[in-house]
Ligand SMILES: Nc1nc2c(ncn2[C@@H]2O[C@H](COP(=O)(O)OP(=O)(O)O)[C@@H](O)[C@H]2O)c(=O)[nH]1
Ligand SMILES: [Mg+2]
């Protein structure tokens, strides 16, 4: 495989993803939710505005998950499907989705870890279904080539001239 | 793996700076950070030890402009160079779209450069990524030092070229950045070889830093075009 395969979301995908995240927040009373791909890119956010840099957050989330993957293997587990980080006021739960993306929910004392974790499970099921479609579609278009840049060689040269 | 978001109209790509420890990878990112406008870049994140050596990675997101209404966002990562951090290095390569190998030009570091290059090849192939198909550029850094090896020596050691099998690609291709040099050529043995573009750098002063970044970014976008 060429490493440079790509995947694309349509506005419909984004809406469907946002719906899942909104439902999660409503059901769990978590503060906000983020979706991050395994290579560290932020895919979507929902909920209360975040007072931190979401791009940085996404990168560190992916690194956190990858490091824990390796830890799991060291101790003979296939993976740690969920991670929990508990603070005094703020806590977060991270869950794997189809081994391609990570769903993160941030919550505070307005709810409980148990409830957030429970509702997160439903969201993982919904998101897995969505991403199966998104990825199989990306794979269908040859090497997943998006059409937006096709034939844009001159414009690319221009951008870097 | 580049990610295209039609709703937010963004193209996101991942570029990894690889190379031996202390070669100047972090310095490259620091220069990019210092020279880009705050509204076109994010935070520079360093997961480093207390002695300031990169432990896990450095990370800097930068916007390099807009194409067809899509913002092009590049996520720049460096890997830790120390031999014993291979697990972290491999993790950072996940989903890479473009590679920069920052070599330390000092004669004494030649072996370290070669080891790191070999390690890059090994890690890429463990992921099943074909490095010859990926946007890849070399930076010969620390050209300011008196003990720097010649570019010729560095090219021979680190960029000898790989064989080109596809006949469509077997044509003489000049190196746009170096007059009288080529990227693809036929050797006297009849074999066609391709070398990756290289740039000379002095990352501490910023020389060559943007040339390198622009070259790899352009190659990455061209894979999508
Ligand atoms: N003389 C010289 N020193 C450099 C240059 N680039 C980086 N350095 C120095 O080399 C050391 C290691 O650089 P660093 O960016 O941390 O290397 P990394 O391990 O590859 O991230 C630092 O002390 C830098 O200031 C250069 O072009 N010339
Ligand atoms: Mg470093």
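Protein chains in written order, with our numbering: chain A, 1 to 161; chain B, 1001 to 1225. Ideal Cβ positions, reconstructed from N, Cα and C, are used throughout, including at glycine.
| Query | Result |
| --- | --- |
| Which residue spans inside the stretch 16 to 40 of chain A form an unbroken beta strand (DSSP E) run of at least 3? | 32 to 37 |
| From which residue to which residue does the beta strand (DSSP E) around residue 92 of chain A run? | 91 to 97 |
| By the 10 Å Cβ neighbour count, where 16 or more other Cβ atoms means buried, how is residue 109 of chain A classified, buried or exposed? | exposed |
| Do residue 1068 of chain B and residue 155 of chain A have their beta-carbon atoms positioned less than 8 Å apart in this structure? | yes |
| Could you tell me whether the Cβ atoms of residue 1163 of chain B and residue 1193 of chain B are closer together than 8 Å? | yes |
| If contact is defined by three or more beta carbon pairs under 8 Å, each pair taking one atom from either stretch, is the stretch 1020 to 1039 of chain B in contact with the stretch 28 to 42 of chain A? | no |
| Roughly how many angstroms lie between the CA atoms of residue 4 of chain A and residue 28 of chain A, to the nearest whole one? | Low confidence applies to residue 4 of chain A: its pLDDT is 43, below 50, so where it sits in the model is not reliable enough to give any reading. |
| If you draw a straight line from the alpha carbon of residue 14 of chain A to that of residue 132 of chain A, how long is it in whole angstroms? | 14 Å |
| Just list the alpha helix (DSSP H) runs in the stretch 52 to 112 of chain A, keeping only unbroken ones of 4 residues or longer that don't cross its boundaries, in chain order. | 54 to 74 |
| From the beta carbon of residue 1068 of chain B, is the nearest beta carbon of chain A less than 8 Å away? | yes |
| At what residues does the alpha helix (DSSP H) containing residue 1089 of chain B begin and finish? | 1086 to 1092 |
| Compute the Euclidean distance between the alpha carbons of residue 1056 of chain B and residue 1075 of chain B, then round it to the nearest angstrom. | 15 Å |
| Taking the alpha-carbon of residue 129 of chain A as reference, which of A/115, A/93, A/17 has the nearest alpha-carbon? | A/17 |
| Here's the rule: buried if 16 or more other CB atoms are within 10 angstroms of the residue's CB, otherwise exposed. What is residue 144 of chain A? | Low confidence applies to residue 144 of chain A: its pLDDT is 45, below 50, so where it sits in the model is not reliable, and the reading given next is rough at best. Residue 144 of chain A comes out buried. |
| I want to verify the contact list: residues of chain A whose CB lies under 7 Å from the CB of residue 1221 of chain B, in sequence order. | 149, 156 |
| Taking all protein chains shown into account, decide if residue 1218 of chain B is buried (16 or more other Cβ within 10 angstroms of its Cβ) or exposed. | buried |
| Which chain A residues are close to residue 1035 of chain B, counting only those with a beta carbon under 7 Å from its beta carbon? | Ordered by position in chain A, no residue passes the 7 Å Cβ test against residue 1035 of chain B, which lies about 15 Å from the chain. |
| Where in the stretch 1132 to 1170 of chain B do unbroken runs of the beta strand (DSSP E), each at least 3 residues long, occur, reported from the N-terminal end onward? | 1136 to 1141 |
| To which residues of the same chain is residue 42 of chain A closer than 8 Å at the C-beta, ignoring the five residues directly before and after it? | 34, 35, 36, 54, 55, 57, 58 |
| Taking DSSP as the reference, what is the three-state secondary structure of residue 1079 of chain B? | coil |
| What does residue 83 of chain A reach in chain B if we use C-beta pairs closer than 9 Å? | None at all; the shortest Cβ gap to chain B is about 15 Å. |
| Are the beta-carbon atoms of residue 6 of chain A and residue 1092 of chain B separated by less than 8 Å? | no |
| Let me know if residue 1224 of chain B comes out buried or exposed under the rule of 16 or more other beta-carbons within 10 Å of its beta-carbon. | buried |
| Do you know offhand how far residue 1078 of chain B's Cα is from residue 1044 of chain B's? | 11 Å |
| Within its chain, find whatever has a CB closer than 7 Å to the CB of residue 1 of chain A; leave out the 5 residues flanking it on each side and keep chain order. | Below a pLDDT of 50, predicted positions are generally treated as unreliable, and residue 1 of chain A, at 39, falls in that range; the measurement from the model is reported next regardless. Nothing listed; no residue qualifies. |
| Tell me which residues share the same chain as residue 1058 of chain B and place their Cβ nearer than 6 Å to its Cβ, disregarding the 5 neighbours each side in the sequence. | 1026, 1029, 1046, 1078 |
| As a quick exercise: from B/1175, B/1090, B/1177, B/1129, pick the residue whose alpha carbon is nearest that of residue 1116 of chain B. | B/1090 |
| Please name the residue in B/1017, B/1061, B/1016 whose C-alpha comes closest to that of residue 1038 of chain B. | B/1061 |
| Which value, in whole angstroms, describes the spacing of the CA atoms of residue 19 of chain A and residue 118 of chain A? | 18 Å |
| Looking only at DSSP bridge pairs, what is residue 9 of chain A linked to? | B/1005 |
| Please confirm whether residue 1061 of chain B has its beta-carbon closer than 8 Å to some beta-carbon of chain A. | yes |
| Does the distance between the C-beta of residue 51 of chain A and the nearest non-hydrogen atom of ligand 1 fall short of 7 Å? | no |
| Going by DSSP in three states, residue 149 of chain A sits in which element: helix, strand or coil? | coil |
| Locate the beta strand (DSSP E) running through residue 1119 of chain B, then write down its first and last residues. | No beta strand (DSSP E) holds residue 1119 of chain B; the alpha helix (DSSP H) holding it covers 1110 to 1126. |
| For the alpha helix (DSSP H) holding residue 1028 of chain B, just list the boundary residues, first then last. | 1025 to 1035 |
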